[in-house]
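Protein chains in written order, with my numbering: chain A, 54 to 166; chain B, 121 to 235.
Below is one structure, written out as structure tokens, with a few remarks after it.
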Amino acid sequence: GENVEQHPSTLSVQEGDSAVIKCTYSDSASNYFPWYKQELGKRPQLIIDIRSNVGEKKDQRIAVTLNKTAKHFSLHITETQPEDSAVYFCAASKPSGAGKSTFGDGTTLTVKP
Amino acid sequence: KAGVTQTPRYLIKTRGQQVTLSCSPISGHRSVSWYQQTPGQGLQFLFEYFSETQRNKGNFPGRFSGRQFSNSRSEMNVSTLELGDSALYLCASSLAGPAMNTEAFFGQGTRLTVV
């Protein structure tokens, strides 16, 4: 089955710096790659997603890049703010199992003011 | 539009008991997935239902089962509870069809503690 590895497991940055989280996946059939943010005690919420026919997607301070050949994708957060502190999960899904996403183990991001 | 609703929010059970968790998806969503979240294991996929049919199943023992009703509401059952079943159980609903991936909306989860 699909295997998703996420690095780093913890990341601490200074407010205003950039943060990068990387994920690799194993199944070349995966074609949908969402990123979720989970604040302490809250539910995971989608912050950005990318499909395999696109190499990069940006939404204000957040961007995701996908390299299908290398089977890896990354989340980039620029001008980090303390409210960006949370656990971030990447995931990979195949078309045959739309609701079945394989998640990475999560990255705990801490933004120091 | 109401979000994904999970009940109950908290549950304490004794080893050997069984438990049923409920999930009401967003109106119009036909896909419901269940995940187990533990501090050291992240989000582990349990199963996915679409139009009352189990479409995918994760690597969990047969003590974990689920079903989906005609109104898309889903239930998850765990029998013969073990201490290791203590976790946050999240359900997520999406518009996803047979070959389409879309955003999953998560409920707030049910915190199950087995003592």
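Backbone N, C-alpha and C define an ideal beta-carbon position, used for all residues, glycine too.
Just so we're clear, the structure is a prediction, and the values are computed from it rather than from any experiment.
For residue j and residue i, the rounded distance between their alpha carbons
i, j, result
"Phe225 of chain B", "Pro97 of chain A", "8 angstroms"
"Ala201 of chain B", "Ala207 of chain B", "Correcting the residue identity first, residue 201 of chain B is Leu in this sequence and not Ala. Approximately 12 angstroms, taken between the alpha carbons."
"Val164 of chain A", "Ser171 of chain B", "42 angstroms"
"Leu183 of chain A", "Cys211 of chain B", "Because chain A spans 54 through 166 in this model, residue 183 of chain A falls outside it and cannot be assessed."
"Ser199 of chain B", "Ile115 of chain A", "42 angstroms"
"Cys143 of chain A", "Leu131 of chain B", "28 angstroms"
"Gln156 of chain B", "Asp205 of chain B", "9 angstroms"
Local conformation of residue i per DSSP, three classes
i, result
"Pro87 of chain A", "strand"
"Asp70 of chain A", "coil"
"Glu168 of chain B", "strand"
"Leu119 of chain A", "strand"
"Gly204 of chain B", "helix"
"Asp137 of chain A", "helix"
Cβ separation of residue i and residue j, assumed to be a contact under 8 angstroms, to the nearest whole Å
i, j, result
"Ser71 of chain A", "Ile130 of chain A", "7 angstroms"
"Thr161 of chain A", "His125 of chain A", "That pair is no contact at about 20 angstroms."
"Thr155 of chain A", "Phe184 of chain B", "Not really, about 17 angstroms apart at Cβ, beyond 8 angstroms."
"Lys90 of chain A", "Ser127 of chain A", "Actually they are not in contact, since the Cβ atoms of Lys90 of chain A and Ser127 of chain A sit about 15 angstroms apart, beyond 8 angstroms."
Residues near residue i in its chain [Cβ-Cβ closer than 7 angstroms; skip 5 each side]
i, result
"Thr125 of chain B", "Ser144, Gly227"
"Asp112 of chain A", "Ile101"
Close beta carbons around residue i, own chain, < 6 angstroms, minus the five adjacent residues each side
i, result
"Lys45 of chain A", "Here chain A covers residues 54 to 166 and nothing more, so residue 45 of chain A does not appear."
"Arg193 of chain B", "Ser144"
"Asp80 of chain A", "Glu55"
"Asn176 of chain B", "Glu168"
Min CB distance residue i to chain A below 9 angstroms
i, result
"Asn191 of chain B", "no"
"Ala224 of chain B", "yes"
"Tyr155 of chain B", "yes"
"Leu141 of chain B", "no"
Proximity test, Cβ basis, 9 angstroms: residue i and chain B
i, result
"Thr155 of chain A", "yes"
"Gln134 of chain A", "no"
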